[in-house]
Amino acid sequence: MKRELVERELTPEGPRRGPRRSGVRAVRTVTVNLAESPLAWLHARGHIDARLFDAGEALRGDYERAQLAPSVTMRWDPVRVKTTGPSGLSPSERQIAARHRFDGAIRAAGRGLEDILWRVVCAGEALPEAEKGLGWPARSGKLVLKIALERVAEFYRIT
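Under the working numbering, the first residue of the sequence shown carries the number 131, and numbering increases by one thereafter.
Written as structure tokens, this is what we have:
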């Protein structure tokens, strides 16, 4: 895993992102890995087990393979000669298959759970920011995310 470590000052509101204010005594600092995903952070600290982590990674992998993230309007990829990969599918067919798996996993999570699932797993949004963006009470997102990941794990048949 790539590491991009920075020091952040802890304040009552959370880690301070800007420079220190003069005259204010720093209570504590924390080292943050900016390259770590929110899902990996939860797994590394024992908040979710390996099964849920694997389910989230499978969902994120399909999200990326299906190329669902926003992109520029013009594609500058080189023109490809029609070939089949190891799975016997063309690149377009693999992308479509990933999109079908992603859509099925999101449907399996259920209404009301797909928002937190997409924000944390696919968009890489931290849990507190996702809760705030959804207008949820603090510390409620972890429970809802676990329920959504359980359903996604069942969809991907992860044991």
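Ideal Cβ positions, reconstructed from N, Cα and C, are used throughout, including at glycine.
These figures come from a predicted structure and were not determined experimentally.
- Excluding five sequence positions before and after Arg281, the CB atoms of its chain that fall closer than 8 angstroms to its own CB belong to Ala238, Ala239, Gly240 and Leu243, given in chain order.
- Our two residues, Ala253 and Gly186, have alpha carbons roughly 12 angstroms apart in a direct line.
- In terms of Cα proximity to Asp245, the closest of Leu279, Glu223 and Ser222 is Leu279.
- Per DSSP, reduced to three states, the secondary structure at Leu135 is strand.
- Look at Arg287 here: in three-state DSSP terms it is coil, with no helix or strand label.
- For a cut-off of 8 angstroms, the C-beta gap from Ala196 to Gln225 is around 6 angstroms, short enough to register as a contact.
- According to DSSP, Val162 shares a beta bridge with Val136.
- Measuring C-alpha to C-alpha distances from Ile178 to each of Thr161, Gly271 and Arg287 identifies Gly271 as the nearest.
- As the crow flies, the alpha-carbon of Pro168 is around 13 angstroms from that of Glu261.
- Here Phe285 really is in contact with Gly234; their C-beta atoms are around 6 angstroms apart, less than 8 angstroms.
- In the structure shown, Arg224 falls within a helical segment according to DSSP collapsed to helix, strand and coil.
- Here DSSP, grouped into helix, strand and coil, assigns Ala253 to coil.
- With contacts defined as CB atoms closer than 8 angstroms, Asp192 and Ala228 qualify as a contacting pair.
- Restricting attention to Val162, Glu139 and Ala188, the CA atom closest to the CA of Phe232 is found in Ala188.
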